[in-house]
Amino acid sequence: PPGGNLSSLDYGEIMFPHPEDLADYQYPQDGLLQVSGVIQPDEIRNPKQLDANEEECLLVVKHGLATGTTIGRVTGMESFTRSLNEYGIKETSMEIAVLPYGNVKGPFSAPGDSGSIVLDRKGRILGMLNGGAGSTDKTDITYLTPYWYIDTDIKKYFPESFLYEVVK
Numbered sequence: 006p007p008g009g010n011l012s013s014l015d016y017g018e019i020m021f022p023h024p025e026d027l028a029d030y031q032y033p034q035d036g037l038l039q040v041s042g043v044i045q046p047d048e049i050r051n052p053k054q055l056d057a058n059e060e061e062c063l064l065v066v067k068h069g070l071a072t073g074t075t076i077g078r079v080t081g082m083e084s085f086t087r088s089l090n091e092y093g094i095k096e097t098s099m100e101i102a103v104l105p106y107g108n109v110k111g112p113f114s115a116p117g118d119s120g121s122i123v124l125d126r127k128g129r130i131l132g133m134l135n136g137g138a139g140s141t142d143k144t145d146i147t148y149l150t151p152y153w154y155i156d157t158d159i160k161k162y163f164p165e166s167f168l169y170e171v172v173k
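Residues 6 to 173 (my numbering) make up the sequence shown, in order.
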């Protein structure tokens with residue numbers, strides 16, 4: 006599929022576009038990025054990483070059933086969706102927009118990728134993919150729910166829940 010799987014070289018060049026970014030980077034021997042931590046709202050709203058064009062963003066990666074491993078960029082855009090269901094119960098959801106990284110690699114996601122976990126280059130969880138605005142020949146937008154928002158809801162019902170710590 007477009008986007009598909011990335012080589013270790015492609016991954017390193019895109020996710021770490023500046024020499025200073027590579028200082029502590031080492032591609033995982035098994036090719037799997039270790040999940041460790043959660044990106045907090047302030048960093049989502051005010052990303053400090055720089056892409057290859059010197060623009061502030063969060064560079065993110067996901068592996069989905071439909072598109073394989075793809076890289077995207079988050080620029081701090083948030084959206085709240087409020088709706089009433091048929092029983093009059095108010096529901097609120099929060100979403101973050103993810104754009105594909107460049108137009109040549111294809112869309113960041115496609116139908117079938119929903120539920121994929123999106124990580125930054127350090128392995129921190131940004132969120133869970135829940136939909137998209139479709140793709141055109143120029144752009145596509147993927148939406149995900151930030152993990153910190155999901156975790157807040159989980160803790161309402163399971164206050165003792167937590168992510169496992171990284172075991173080295």
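From the three backbone atoms N, C-alpha and C, an ideal C-beta is built for every residue, glycine too. From a predicted model like this one, the values you see are computed outputs, not experimental measurements.
Contacting residues, own chain, Cβ-Cβ under 6 Å from residue i (five flanking each side not counted)
i, result
"R126", "M20, L64"
"L11", "T74"
"G42", "R129"
"E48", "none"
Alpha carbon of residue i to alpha carbon of residue j, nearest angstrom
i, j, result
"M82", "Y92", "31 Å"
"K53", "K67", "20 Å"
"M1", "L168", "A question about residue 1 goes unanswered here, because the residues of the chain that appear run from 6 up to 173."
"P152", "D118", "The residue you asked about is not Pro; residue 152 is Tyr in the sequence shown. C-alpha separation (whole angstroms): 17 Å."
"F113", "P24", "25 Å"
"A138", "E170", "34 Å"
"E72", "F163", "At residue 72 the sequence reads Thr, which differs from the Glu that was named. When rounded, the distance between both Cα atoms is 33 Å."
"E96", "Q31", "42 Å"
"D158", "T150", "12 Å"
"I101", "D145", "13 Å"
"I122", "G69", "8 Å"
"D35", "S13", "11 Å"
"D156", "M133", "11 Å"
Closest Cα partner of residue i within the set the options
i, options, result
"P22", "V43, N58, E100, G128", "N58"
"P74", "E100, L37, I146, P164", "As written in the sequence, residue 74 is Thr, which differs from the Pro given in the question. Cα-wise, what sits closest to T74 is L37."
"L27", "G17, Q34, T72", "G17"
"Y106", "Q31, G137, V79, I122", "V79"
"P116", "E96, T147, T97, G132", "T147"
"Y154", "Q31, P164, L14, P46", "P46"
"N103", "E96, T97, Y30, G136", "Before going on, a small fix: residue 103 reads as Val here, not Asn. The option with the nearest alpha carbon to V103 is G136."
Cβ shell of residue i (< 7 Å), same chain only, five flanking positions each side left out
i, result
"V40", "L124, G128, I130"
"N51", "G81"
"G77", "V65, V103, L104, P105, Y106, F113, T147"
"D56", "P22, C62, L64, R78"
Local conformation of residue i per DSSP, three classes
i, result
"L134", "strand"
"T74", "strand"
"T80", "coil"
Boundaries (first-last residue) of the alpha helix (DSSP H) holding residue i
i, result
"L37", "Neither: L37 is in no alpha helix (DSSP H) and is coded neither H nor E."
"E48", "46–50"
Nonlocal neighbours in the same chain, by C-beta distance under 8 Å from residue i, ignoring five residues either side
i, result
"K160", "S166"
Residue i - containing beta strand (DSSP E), residue span
i, result
"Y148", "145–151"
"I19", "Unbroken run through I19 is the alpha helix (DSSP H), 13–20; no beta strand (DSSP E)."
"D3", "Nothing in the structure corresponds to residue 3, since the chain is present only between 6 and 173."
"E25", "Premise fails: E25 is in no beta strand (DSSP E) and is neither H nor E."
"G69", "61–69"
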